[in-house]
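The listed protein sequences correspond, in order, to chains A and B. For what it's worth, my numbering labels the leading residue of the first sequence as -4, then goes sequentially. For what it's worth, my numbering labels the leading residue of the second sequence as 189, then goes sequentially. Following: one structure in structure tokens, then a few remarks.
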Amino acid sequence: MGDQPVALVTGSRKGIGRALAEYFVARGMLVEGCSREPSEWQHDAYTHHLVDVADEAQVKGMFETIRKRHGRLDIAVSNAGIASMNHALLTPVASVDKIMETNFRGSFLVCRESAKLMMKRGYGRIVNIGSVAGPMNLEGEAIYASSKSAVITLTKILAYEFAPFGITCNVVSPTPTETDLIRSVSKEKIDNIVSRLAIKRLARFDDIVNAIDFFIRPESGYVTGQELRLGGA
Amino acid sequence: MQGSDIGRDKLIEWIVGAVTDFRLTMTDDTEAHVEETTTLFGDEGILDSLGLVTVVLELEERVNATLTIPISIADERAISQRNSPFRTVGTLADYTWTLVNGAAGDG
């Protein structure tokens, strides 16, 4: 157990989570990541856990491992998320449950267990991943957008509850990003969303990493309960 | 470890230690004296909500370090009880002891 900062990134197998985990490793941090499937990348400073973030026992087990290995957690980014774009009238309730479980319940569990570990040292930086789908009222994304709106509200209230322990809690809401999550969405629909942004392009991994980097700095201890939307959404 | 290996006296000791540590750290109360009958939370309680959260999590961590099946002290059962198990050091020890032995029985 040393002085190196320890960071957790959920959903780190690919996409935004992987970009973030690689960024943290490059910054000299010890990084713990998780997903439901094995990691597609390796590094000496990176440890991957096979975890479904909606499963309380699995999440608790991962945090117990982190506690035993490092005795600390400085940064947690709750990035794991799923989407299912569909008209509400054609959305099975099973999809509603699955999306809420991964996106909302998963974020809650990761935030709660992170705070338990962070409060020992009176320091922590939690960043959740939201979405502009809620504020933009995107048709066909009722459930996904609602789950992310729940994450945003969760973040703002946790900011108050965790502040006495020196833990900040913020949320970054990306615009559509070139990931698997939007691969099933038609180009026409994506173009329509992008046309409504102030900056008319898809988000890049670097845009998201940059926003998260601001929230996780030690100097950002007076910044909490904030949602940072990308692209001017 | 079997749950029954953790006696009620040990739980009292851990709770008193956690409460005392919190009071000394957060309130500069060098006169802090905590015992089994000390009221923790509610009317005349010596802890605020922040203190109660800290103490419960500290106790949970200590207990779980000795068990193969972890317990959650702040579960739905605890919160819905008419007489809060978080009222005094003794009631918290009693409630935790039932959870510990339940976990041992399940295991």
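Cβ coordinates follow ideal geometry from the N, Cα and C atoms, glycine included.
Could you give the DSSP three-state label for residue i: helix, strand or coil?
{"i": "ASN240/A", "result": "What is shown of chain A runs -4 to 228, which leaves residue 240/A out entirely."}
{"i": "ILE261/B", "result": "coil"}
{"i": "LEU223/A", "result": "strand"}
{"i": "ALA16/A", "result": "helix"}
{"i": "THR227/B", "result": "strand"}
{"i": "GLY295/B", "result": "The pLDDT assigned to GLY295/B is 41, lower than 50, so where the model puts this residue is not dependable, and the model offers no usable value."}
{"i": "SER168/A", "result": "strand"}
{"i": "THR213/B", "result": "helix"}
{"i": "THR276/B", "result": "strand"}
{"i": "ALA220/B", "result": "coil"}
{"i": "ALA198/A", "result": "strand"}
{"i": "ASP236/B", "result": "coil"}
{"i": "THR286/B", "result": "helix"}
{"i": "ASN271/B", "result": "coil"}
{"i": "VAL251/B", "result": "helix"}
{"i": "ILE188/A", "result": "helix"}
{"i": "SER215/A", "result": "helix"}
Flag residue i as yes if its beta-carbon sits less than 9 Å from any beta-carbon of chain B, otherwise no.
{"i": "MET114/A", "result": "yes"}
{"i": "PHE160/A", "result": "yes"}
{"i": "LYS151/A", "result": "no"}
{"i": "LYS111/A", "result": "yes"}
{"i": "LYS55/A", "result": "yes"}
{"i": "GLU59/A", "result": "yes"}
Looking at C-alpha atoms only, which residue of the options is the closest neighbour of residue i?
{"i": "LYS115/A", "options": "LYS198/B, ASP209/B, LEU255/B", "result": "ASP209/B"}
{"i": "MET95/A", "options": "LEU197/A, ILE70/A, TYR118/A, GLY125/A", "result": "GLY125/A"}
{"i": "VAL26/A", "options": "GLU32/A, CYS164/A, GLY12/A, LEU3/A", "result": "LEU3/A"}
{"i": "HIS38/A", "options": "LEU45/A, ALA52/A, GLU32/A, GLY28/A", "result": "GLY28/A"}
{"i": "SER90/A", "options": "GLY216/A, SER142/A, GLY161/A", "result": "SER142/A"}
{"i": "SER102/A", "options": "GLY76/A, GLY66/A, ARG22/A, GLN53/A", "result": "GLY76/A"}
{"i": "ILE203/B", "options": "LEU247/B, GLN269/B, ASP263/B", "result": "LEU247/B"}
{"i": "THR219/A", "options": "THR42/A, ILE162/A, ARG199/A, TYR41/A", "result": "ILE162/A"}
{"i": "ILE203/A", "options": "ARG191/A, ASN132/A, VAL122/A", "result": "VAL122/A"}
{"i": "ASN271/B", "options": "PHE229/B, ILE259/B, ALA220/B", "result": "PHE229/B"}
{"i": "PHE209/A", "options": "ARG199/A, ALA198/A, LEU223/A", "result": "LEU223/A"}
{"i": "ILE11/A", "options": "VAL105/A, TYR41/A, SER73/A, ALA21/A", "result": "SER73/A"}
{"i": "LEU245/B", "options": "LEU235/B, VAL277/B, ALA262/B", "result": "ALA262/B"}
{"i": "GLY129/A", "options": "GLY117/A, PRO171/A, LEU104/A, LYS93/A", "result": "PRO171/A"}
May I ask you to list the residues that DSSP assigns as paired with residue i?
{"i": "ILE162/A", "result": "GLY119/A"}
{"i": "THR86/A", "result": "DSSP output for THR86/A lists no bridge partner at all."}
{"i": "SER179/A", "result": "In DSSP, SER179/A forms no bridge with anything."}
{"i": "LEU3/A", "result": "GLU27/A, ALA71/A"}
Looking at chain A, is there any beta carbon in it that lies within less than 9 Å of the beta carbon of residue i?
{"i": "THR256/B", "result": "no"}
{"i": "LEU247/B", "result": "no"}
{"i": "LEU316/B", "result": "Residue coverage of chain B in this structure runs from 189 to 295, which leaves residue 316/B outside it and unanswerable."}
{"i": "ASP197/B", "result": "no"}
{"i": "LEU238/B", "result": "yes"}
{"i": "THR242/B", "result": "yes"}
{"i": "GLY205/B", "result": "no"}
Would you check whether the ligand COA has a heavy atom nearer than 8 Å to the C-beta of residue i?
{"i": "VAL277/B", "result": "Ligands displayed in this structure: none; no statement on the ligand COA is therefore possible."}
Within the region 19 to 69 of chain A, ranges of the alpha helix (DSSP H) (whole runs, at least 4 residues):
51 to 65
In chain order, which continuous runs of the beta strand (DSSP E) of length 3 or greater are located wholly inside the region 112 to 150 of chain A?
119 to 124
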